[in-house]
């Protein structure tokens, strides 16, 4: 159900910008989504096809650019990717990373005609 | 033609959350967004908090559930003003649901507002409500791997209550493993192992909460 609310917000945003640009049709929506955002792309596409019916965005393709989660070690400053079940810094083994990427969920652009 | 946007998809929610927050600050209400999986003990933590603090602070509660007023009834029995929000299927509270509920509470006569979110470890993370602090209640029967499986939630909370520690002798729950997962994501989190049933560890949570509430 979460994806439905999210998809509706997404559609509203795309329609707002398409309207401002005087577009007839939205062909593609480019999204940037972090690994920690909790978004399921298949589910968003499913709801999108449903909620966009009869709007400028009907039939638009959703493009998801996934951002992996990255930490910055609080002890040595090394930047590293999240690994399953082991989140220690690979350089100094310290725990305690600042999440520097992976929470993104924004609309980068739309392609219209 | 390409139209640049670069805007957060939940910006509408974020904006309402900020308006809620301004209202809370203006009225001097300190607000917690309490999240957890179903059955972890959100309502029990709220009950314990009320029992301990209701002579010192004026407390209000918003209960978010998909359906029913079971939780709101539990709180109302303690003589505390409570508003039930039924989300009707939606898996989280959002800022607008809270905004709509606020006129049913006397904010001028409230010091501490406890908002119990819908039981879910994923979606509530993405929807700010205007709260001052995010709190997660985890419980030992859920397993020690939860921080690793739901990093989005565990990385954003200010406080973590690990409930049902009285069951530890019966479970294979590695407290160090759990704690390492939490601290790797969120080293500044305030961690409270407790049992809402026996009362063990509850006082530490209360002391911290009162301190944070005073600081604003």
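Chains as they are written, first to last, in my numbering: chain A, 10 to 122; chain B, -4 to 211.
Note that the Cβ used here is the ideal one computed from N, Cα and C, for glycine as well.
Since the structure is predicted, the reported quantities are computational estimates derived from the model, not experimental observations.
With a threshold of 8 Å between beta carbons, residue 147 of chain B makes contact with chain A. By the Cβ rule, the region 114 to 128 of chain B does not count as touching the region 157 to 169 of chain B, because fewer than three pairs are nearer than 8 Å.
Scanning chain A for C-beta atoms nearer than 9 Å to the C-beta of residue 7 of chain B yields 18, 21, 22, reported in chain order. Chain-order list of chain A residues neighbouring residue 1 of chain B: 41, 115, 116, 117, 118, by C-beta distance under 9 Å. The beta carbon of residue 196 of chain B sits closer than 7 Å to those of 160, 187, 188, 189, 190, all from its chain and outside the five residues before and after it, given in chain order. Per DSSP, the continuous alpha helix (DSSP H) segment holding residue 52 of chain A begins and ends at 50 to 60.
The beta-carbon separation of residue 52 of chain A and residue 4 of chain B, rounded to 14 Å, does not stay under the 8 Å limit for a contact.
Under the criterion of beta carbons closer than 8 Å, residue 113 of chain B and residue 88 of chain B qualify as touching, at roughly 6 Å. Contact between the region 57 to 67 of chain B and the region 77 to 87 of chain B is established, with three or more Cβ pairs separated by less than 8 Å. The alpha carbon of residue 34 of chain A has as its nearest neighbour, out of A:44, A:70, A:13, A:56, the alpha carbon of A:70.
For residue 178 of chain B, the chain A residues whose Cβ falls inside 7 Å of its Cβ are 104, 105, in order along the chain. In the structure shown, residue 30 of chain B adopts extended strand secondary structure according to DSSP, grouped into three states. A distance below 8 Å separates the beta carbons of residue 0 of chain B and residue 116 of chain A. In this structure residue 109 of chain B is in contact with residue 29 of chain B, their Cβ atoms being roughly 6 Å apart against a cut-off of 8 Å.
Counting only residues of its own chain and dropping the five nearest sequence neighbours on each side, residue 138 of chain B has a CB closer than 8 Å to the CB of 168. Here residue 29 of chain A is exposed. Its C-beta has fewer than 16 other C-beta atoms within 10 Å.
Residue 60 of chain A sits away from residue -2 of chain B, with the two beta carbons spaced by 8 Å or more.
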